[in-house]
Amino acid sequence: MQIYRSHILVCGGTGCVSGGSKDVIDEFQKELERRKLDKEVLVVHTGCHGMCELGPIVVVYPEGTFYCRVQKTDVAELVEEHIYKGRPVSRLMYAGSEEMPVVPHYKEIPFYSKQERIALANCGYINPDNIDEYIARRGYEGLGKVLSGMTPAQVIDEMKASGLRGRGGAGFPTGLKWSFCAASKGDKKYVICNADEGDPGAFMDRSILEGDPHCVIEGMMIGAYAMGADEGYIYCRAEYPLAIQRLKTAIAQAEEYGLLGQNIMGTDFSFTVHIKEGAGAFVCGEETALMASIEGRRGMPRPRPPFPANSGLWEKPSNINNVETWANVPRIMVNGAEWYSSMGTDKSKGTKVFALTGKVKHTGLVEVPMGITLREIIFDIGGGILDDKKFKAVQIGGPSGGCLTEDHLDAKVSYESLTALGAIMGSGGLVVMDETTCMVDVAKFFLTFVQKESCGKCPFCRIGTKRMLEILERITAGEGKMEDLDTLEQLALMVRTGSLCGLGQTAPNPVLTTLKYFRDEYVAHIKDKKCPAGACTALVKYSIDPAVCIGCTKCARNCPASCIAGEVKKPHVIDSEKCIRCGNCKEVCPVGAVSVE
Amino acid sequence: MAFSVEEVREKTREIVQPWKTGKGGLIPILQKVQETVGYLPEESLVTISREMKIPLSEIYGVATFYAQFHLTPRGRHIVRVCRGTACHVRGSLKIIDSVKKMLHVEENGTTEDLRFTLEPVACLGACGLAPVMMVDSQTFGRLTPDKVKGILDTFE
Numbered sequence: 004m005q006i007y008r009s010h011i012l013v014c015g016g017t018g019c020v021s022g023g024s025k026d027v028i029d030e031f032q033k034e035l036e037r038r039k040l041d042k043e044v045l046v047v048h049t050g051c052h053g054m055c056e057l058g059p060i061v062v063v064y065p066e067g068t069f070y071c072r073v074q075k076t077d078v079a080e081l082v083e084e085h086i087y088k089g090r091p092v093s094r095l096m097y098a099g100s101e102e103m104p105v106v107p108h109y110k111e112i113p114f115y116s117k118q119e120r121i122a123l124a125n126c127g128y129i130n131p132d133n134i135d136e137y138i139a140r141r142g143y144e145g146l147g148k149v150l151s152g153m154t155p156a157q158v159i160d161e162m163k164a165s166g167l168r169g170r171g172g173a174g175f176p177t178g179l180k181w182s183f184c185a186a187s188k189g190d191k192k193y194v195i196c197n198a199d200e201g202d203p204g205a206f207m208d209r210s211i212l213e214g215d216p217h218c219v220i221e222g223m224m225i226g227a228y229a230m231g232a233d234e235g236y237i238y239c240r241a242e243y244p245l246a247i248q249r250l251k252t253a254i255a256q257a258e259e260y261g262l263l264g265q266n267i268m269g270t271d272f273s274f275t276v277h278i279k280e281g282a283g284a285f286v287c288g289e290e291t292a293l294m295a296s297i298e299g300r301r302g303m304p305r306p307r308p309p310f311p312a313n314s315g316l317w318e319k320p321s322n323i324n325n326v327e328t329w330a331n332v333p334r335i336m337v338n339g340a341e342w343y344s345s346m347g348t349d350k351s352k353g354t355k356v357f358a359l360t361g362k363v364k365h366t367g368l369v370e371v372p373m374g375i376t377l378r379e380i381i382f383d384i385g386g387g388i389l390d391d392k393k394f395k396a397v398q399i400g401g402p403s404g405g406c407l408t409e410d411h412l413d414a415k416v417s418y419e420s421l422t423a424l425g426a427i428m429g430s431g432g433l434v435v436m437d438e439t440t441c442m443v444d445v446a447k448f449f450l451t452f453v454q455k456e457s458c459g460k461c462p463f464c465r466i467g468t469k470r471m472l473e474i475l476e477r478i479t480a481g482e483g484k485m486e487d488l489d490t491l492e493q494l495a496l497m498v499r500t501g502s503l504c505g506l507g508q509t510a511p512n513p514v515l516t517t518l519k520y521f522r523d524e525y526v527a528h529i530k531d532k533k534c535p536a537g538a539c540t541a542l543v544k545y546s547i548d549p550a551v552c553i554g555c556t557k558c559a560r561n562c563p564a565s566c567i568a569g570e571v572k573k574p575h576v577i578d579s580e581k582c583i584r585c586g587n588c589k590e591v592c593p594v595g596a597v598s599v600e
Numbered sequence: 122m123a124f125s126v127e128e129v130r131e132k133t134r135e136i137v138q139p140w141k142t143g144k145g146g147l148i149p150i151l152q153k154v155q156e157t158v159g160y161l162p163e164e165s166l167v168t169i170s171r172e173m174k175i176p177l178s179e180i181y182g183v184a185t186f187y188a189q190f191h192l193t194p195r196g197r198h199i200v201r202v203c204r205g206t207a208c209h210v211r212g213s214l215k216i217i218d219s220v221k222k223m224l225h226v227e228e229n230g231t232t233e234d235l236r237f238t239l240e241p242v243a244c245l246g247a248c249g250l251a252p253v254m255m256v257d258s259q260t261f262g263r264l265t266p267d268k269v270k271g272i273l274d275t276f277e
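Chains as they are written, first to last, in this note's numbering: chain A, 4 to 600; chain B, 122 to 277.
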């Protein structure tokens with residue numbers, strides 16, 4: 004095996020690839036070859052580092068020096084200075100606080116120092132297309148341990164003891180779920196990986212599949228052994244082409260090594276796995292709908308029981324878990340249930356990956372122990388609000404979740420605490436909103452989403468969400484009535500009780516939580532015909548402060564409706580009648596003379 | 122990618138072949154047909170129905186249930202503008218508006234020269250880069266309305 008003195012890790016997650024990381028890799032390769040360093044230094048493309056905001060990300064080991072926003076043109080300097088002369092380039096390092104203007108090392112960056120990476124342990128650390136790197140990081144050791152010395156019942160007991168709960172949203176104890184399927188009688192059983200990550204604002208599953216595909220496959224195999232299954236399906240969104248490609252490579256490599264197929268590791272255990280590409284339906288994230296989709300039918304949920312553990316895919320006993328859940332399994336088997344359950348809270352053990360997005364400084368993926376507060380996630384790890392605006396709310400749990408406020412920031416994150424506040428853990432999307440985000444608009448946004456994605460089976464969900472959406476559209480257009488708020492609440496409760504699956508049951512959550520915590524904003528839209536955040540275009544008015552305007556004509560030139568008049572170097576005026584409220588003028592004004600109310 | 126009716130039937134038959142003995146083939150078949158032909162023409166659906174012995178009504182049901190399937194021709198390049206939460210709060214409406222204006226199409230519309238189809242999508246999962254759009258399989262992040270034209274111009 005070739006030994007290298009240094010490794011250059013370049014992030015190959017979707018975020019960094021779109022920022023040009025492929026060119027950066029090629030350039031490193033060229034530059035190293037030119038300087039004849041290519042036998043000493045290895046360039047590795049890795050999965051997502053999580054800090055997508057600062058991509059493309061490059062980490063140089065053994066030092067662990069962290070470089071961000073690296074472009075092709077920076078490569079020559081990095082090789083010359085860091086690799087050749089051993090002088091790290093501070094220009095490209097993470098810019099920290101005043102006391103520490105540049106932060107050279109990965110682990111010292113606040114974004115990473117509070118994290119506990121288990122599901123994401125290998126993401127950004129290994130080349131996902133190389134099974135040897137996974138094995139070198141104790142990959143397939145959990146499977147080996149299970150196959151060589153544990154009975155299926157022992158595996159399930161270990162899972163129960165770990166306290167791992169389903170990371171897809173509902174938080175059902177994984178070990179218990181497995182025990183149902185294990186107890187179910189049948190000659191054929193299936194294990195399924197739900198990679199139909201559809202929640203807007205969540206991308207942890209994609210990053211795991213792209214950055215560490217083998218851990219999901221290994222998790223499924225351990226589950227299959229425990230439950231007596233010999234075939235698995237990974238149902239992945241077609242919107243994730245890179246994840247599908249990396250999974251295919253991983254499966255082929257595992258087959259080549261004899262880790263997938265017949266008589267694995269010389270035992271009686273055999274397992275094959277297939278990838279199914281989703282076809283674009285949010286509701287397919289629901290387990291019975293997902294199975295219908297694998298079977299080639301319309302992905303509509305069906306009543307339970309029978310539960311999939313008894314009659315699932317093709318009416319055979321089946322067990323379905325989400326990507327993040329499966330990714331935790333090998334690590335639990337290697338390190339033991341006691342280790343895993345030592346993290347987290349009383350009832351929510353271990354860690355959870357959150358996708359931190361929206362108006363926060365450092366967007367990206369973070370994995371933290373359960374029990375951490377929202378404030379720590381948003382302000383310590385996420386660095387606070389973008390442009391130092393004021394925090395207003397955080398939407399947690401996707402379309403099924405809710406919006407929480409300043410008052411809830413110190414709540415400890417666990418399945419129970421979030422449910423008690425009216426939100427849910429969901430898949431772990433955290434969308435941060437500031438003072439310029441209108442909460443009525445946010446509720447409308449989510450309802451538009453669930454309305455479109457409702458499969459149409461249950462009338463309450465199909466028609467109820469439609470009526471609710473119409474009311475919200477009226478309110479944001481300035482035509483709402485106070486009694487609309489009662490109607491909204493009534494409809495919300497009906498949709499919640501009258502729907503079969505999680506999509507319908509939770510669809511009203513964003514409306515209910517915003518009504519509960521931001522009722523004054525609804526009232527402002529209805530009574531004062533005003534949008535306090537200045538986001539609902541029908542209710543805002545743009546104007547130019549003549550005392551501030553310098554008459555640079557920039558706004559007039561950028562106005563698509565040509566409704567700004569004024570001479571050079573003299574204050575300009577907006578014609579409100581013609582204004583289409585696009586906000587261009589406010590964006591381009593160099594002196595901030597345009598105000599919106 | 123314009124095929125004659127006979128070619129479409131022939132291609133469909135080829136795609137169906139390996140699935141005739143297995144199960145759960147309908148969605149992969151439809152995906153493959155759409156990838157090859159560009160959309161799902163009626164002749165394809167009829168051919169699948171005959172070959173697979175699945176009622177045409179059921180195939181139509183599946184084809185219209187999933188957002189991915191299209192029964193009318195589409196552009197050479199698919200522009201997917203993300204309408205997810207993170208992108209929404211970072212201004213994706215303005216991005217989609219500028220695409221609409223540039224291409225003179227509505228949402229889910231195709232330009233007359235079949236160059237582009239505009240599709241709003243629920244979430245591309247690149248929330249760290251919001252607002253985001255994808256052209257074919259390339260992702261573009263941290264967009265502003267004025268960046269859109271430069272990106273679209275590179276696709277012929």
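The beta-carbon is built from N, C-alpha and C at its ideal position, and this holds for glycine as well. Predicted model only: the values in this text are computed from it and were never measured.
Could you check which residue in A:Arg249, A:Ser151 and A:Thr439 has the C-alpha nearest to that of B:His209?
As a working mapping, residue 209 of chain B is identified with position 88 in the second sequence. Nearest option by C-alpha distance: A:Thr439.
Please state whether DSSP places A:Cys2 in a helix, a strand or coil.
No statement about residue 2 of chain A is possible, as the shown extent of chain A runs from 4 to 600 and does not include it.
Checking contacts by CB at 8 Å: is A:Ala254 closer than that to chain B?
For the purposes of this step, residue 254 of chain A is identified with residue 251 of the first sequence, where counting begins at 1. According to the sequence provided, residue 254 of chain A is Ile. The question's Ala does not apply to it. Cβ-Cβ to chain B under 8 Å: no for A:Ile254.
For A:Leu503 versus A:Met471, is the C-beta distance shorter than 8 Å?
Taking the first residue of the first sequence as position 1, residue 503 of chain A is located at position 500. Taking the first residue of the first sequence as position 1, residue 471 of chain A is located at position 468. Not closer than 8 Å, so no.
Closest by CA to A:Asn561, which one among A:Ile220, A:Pro306 and A:Gly586?
Counted from its first residue, the first sequence places residue 561 of chain A at position 558. Comparing Cα-Cα distances from A:Asn561 to each of A:Ile220, A:Pro306 and A:Gly586, the minimum goes to A:Gly586.
Could you give the distance in angstroms between the alpha-carbon of A:Ala257 and the alpha-carbon of A:Ile267?
One-based indexing of the first sequence puts residue 257 of chain A at position 254. One-based indexing of the first sequence puts residue 267 of chain A at position 264. Approximately 10 Å, taken between the alpha carbons.
Just the Cα atoms here: how many angstroms apart are A:Gly222 and A:Asn331?
For the purposes of this step, residue 222 of chain A is taken as the residue at position 219 of the first sequence. For the purposes of this step, residue 331 of chain A is taken as the residue at position 328 of the first sequence. Cα-Cα distance, rounded: 7 Å.
Strictly by DSSP, which residues pair up with B:Val202?
In the second sequence, counting from the first residue as 1, residue 202 of chain B sits at position 81. The partner list for B:Val202 (beta bridge, DSSP) reads B:Pro241 and B:Met254.
A:Val371 to A:Ala122 span [Cα, whole Å]:
Counting from one through the first sequence, the residue named residue 371 of chain A turns up at place 368. Counting from one through the first sequence, the residue named residue 122 of chain A turns up at place 119. The straight-line gap from Cα to Cα measures roughly 10 Å.
A:Cys184 and A:Ser93 look like a contact to me (Cβ under 8 Å); what is the Cβ gap, rounded to whole Å?
The sequence position of residue 184 of chain A within the first sequence is 181, counting from 1. The sequence position of residue 93 of chain A within the first sequence is 90, counting from 1. Incorrect: roughly 54 Å between the Cβ atoms, too far for contact.
Compare the C-beta of A:Cys55 with all C-beta atoms of chain B and state if any pair is closer than 8 Å.
Taking the first sequence and counting its residues from 1, the one referred to as residue 55 of chain A is at position 52. True, the Cβ-Cβ gap to chain B drops below 8 Å.
Counting only Cβ-Cβ distances shorter than 7 Å, please list the residues of the segment 165-187 of chain B near chain A, keeping chain order.
Gly182, Val183, Phe186 and Tyr187
Would you decide whether A:Leu250 is buried or exposed? Buried here means 16 or more other CB atoms lie within 10 Å of its CB.
For the purposes of this step, residue 250 of chain A is taken as residue 247 along the first sequence, with counting starting at 1. By the 10 Å Cβ count, A:Leu250 comes out buried.
Per DSSP, what are the beta-bridge partners of A:Met436 in this structure?
On the first sequence, residue 436 of chain A is found 433 positions in, with the first residue counted as 1. In DSSP, A:Met436 forms a bridge with A:Ala396.
Buried or exposed, going by whether 16 or more other CB atoms sit within 10 Å of the CB of A:Val47?
If you number the first sequence from 1, residue 47 of chain A lands on position 44. Buried, by the Cβ-count rule.
Coil, strand or helix - B:Phe124 by DSSP
To locate residue 124 of chain B, count along the second sequence from 1; it is residue 3. DSSP places B:Phe124 in coil when its eight states are reduced to three.
Nonlocal neighbours in the same chain, by C-beta distance under 6 Å from A:Gln398, ignoring five residues either side
Residue mapping note: residue 398 of chain A aligns to position 395 of the first sequence, counting from 1. Closer than 6 Å at the Cβ level, and outside the excluded window around A:Gln398, lie Cys406 and Val434.
Under the assumption that A:Cys71 contacts A:Tyr97 (Cβ atoms under 8 Å), give the Cβ distance between them as a whole number of angstroms.
To locate residue 71 of chain A, count along the first sequence from 1; it is residue 68. To locate residue 97 of chain A, count along the first sequence from 1; it is residue 94. So it is a contact: roughly 6 Å between Cβ atoms.
Which of the residues in the segment 281-299 of chain A, read from start to end, lie with their CB under 9 Å from any CB of chain B?
Gly281, Ala282, Gly283, Ala284, Phe285, Cys287, Ser296, Ile297, Glu298 and Gly299
Just by C-beta distance, which residues in the segment 194-210 of chain B are closer than 7 Å to chain A?
Gly205, Thr206, Ala207, His209 and Val210
If you reduce the DSSP assignment to three classes, tell me which class A:Leu57 lands in.
Position 54 of the first sequence, counting from 1, holds the residue named residue 57 of chain A. Note: A:Leu57 maps to helix in three-state DSSP.
For B:Lys141 and chain A, any beta-carbon pair shorter than 8 Å?
Here residue 141 of chain B refers to the residue found at position 20 of the second sequence. Not closer than 8 Å to any Cβ of chain A, the Cβ of B:Lys141 fails to qualify, so no.
Less than 8 Å between the C-beta atoms of A:Tyr193 and A:Ala253, yes or no?
Taking the first sequence and counting its residues from 1, the one referred to as residue 193 of chain A is at position 190. Taking the first sequence and counting its residues from 1, the one referred to as residue 253 of chain A is at position 250. Result no, Cβ atoms of A:Tyr193 and A:Ala253 do not sit closer than 8 Å.
Own chain, CB closer than 8 Å to A:Val44, minus 5 neighbours either side, in chain order:
As a first step, residue 44 of chain A is located in the first sequence; it is residue number 41 there, counting from the start. The answer, listed in chain order, is Tyr7, Arg8, Ser9, His10, Ile11, Leu35 and Ile86.
Same chain only: Cβ atoms within 6 Å of A:Pro1, ignoring 5 sequence neighbours per side:
With chain A covering only 4 through 600, there is no way to say anything about residue 1 of chain A.
Answer yes or no: does any C-beta atom of chain B fall closer than 8 Å to that of A:Phe452?
Residue numbering aside, residue 452 of chain A sits at position 449 when the first sequence is read from its first letter. For A:Phe452, the answer is yes, since a Cβ of chain B falls inside 8 Å of its Cβ.
Any C-beta of chain A under 8 Å from that of B:Thr260:
Indexing the second sequence from 1 puts residue 260 of chain B at position 139. It does; some Cβ of chain A falls within 8 Å.
Check the Cβ-Cβ distances between A:Trp329 and every residue of chain B, and say whether any is below 8 Å.
Here residue 329 of chain A is taken as the residue at index 326 of the first sequence, counted from 1. Taking Cβ atoms only, chain B never reaches closer than 8 Å to A:Trp329, which makes this a no.
First and last residue of the uninterrupted beta strand (DSSP E) at A:Asn197
Within the first sequence, the letter at position 194 stands for residue 197 of chain A. From DSSP, the beta strand (DSSP E) with A:Asn197 extends over Tyr193 to Ala198.
For A:Pro244, which residues in chain B fall below 9 Å Cβ to Cβ?
Numbered from 1 along the first sequence, position 241 holds the residue referred to as residue 244 of chain A. The answer, in chain order, is Ser258.
Is it buried or exposed, A:Asn130, if we count other Cβ atoms within 10 angstroms and call 16 or more buried?
The residue you call residue 130 of chain A lines up with position 127 of the first sequence. Label assigned to A:Asn130: buried.
So, under 8 Å CB-CB, A:His52 and A:Gly127 are touching, yes? Tell me the CB distance rounded to an integer number of Å.
Locating residue 52 of chain A in the first sequence gives position 49, where the first residue counts as 1. Locating residue 127 of chain A in the first sequence gives position 124, where the first residue counts as 1. Yes, they are in contact, since the Cβ atoms of A:His52 and A:Gly127 sit about 4 Å apart, within 8 Å.
For the segment 131-149 of chain B and the segment 161-179 of chain B, state whether three or more C-beta atom pairs, one from each stretch, are separated by less than 8 Å.
yes
Identity of the residue in A:Ala292, A:Lys319 and A:Gly374 nearest A:Glu119 by Cα:
As a first step, residue 119 of chain A must be located in the first sequence, where it is residue number 116. Looking at the Cα atoms, A:Gly374 is the closest of the given residues.
With respect to the beta strand (DSSP E) encompassing A:His48, which residues constitute its N-terminal and C-terminal limits?
Residue mapping note: residue 48 of chain A aligns to position 45 of the first sequence, counting from 1. Residues Val44 to Thr49.
Assumed close pair A:Ala282, B:Phe190 - CB separation to whole angstroms, cut-off 8 Å:
Counted from its first residue, the first sequence places residue 282 of chain A at position 279. Counted from its first residue, the second sequence places residue 190 of chain B at position 69. About 6 Å; that satisfies the 8 Å criterion.
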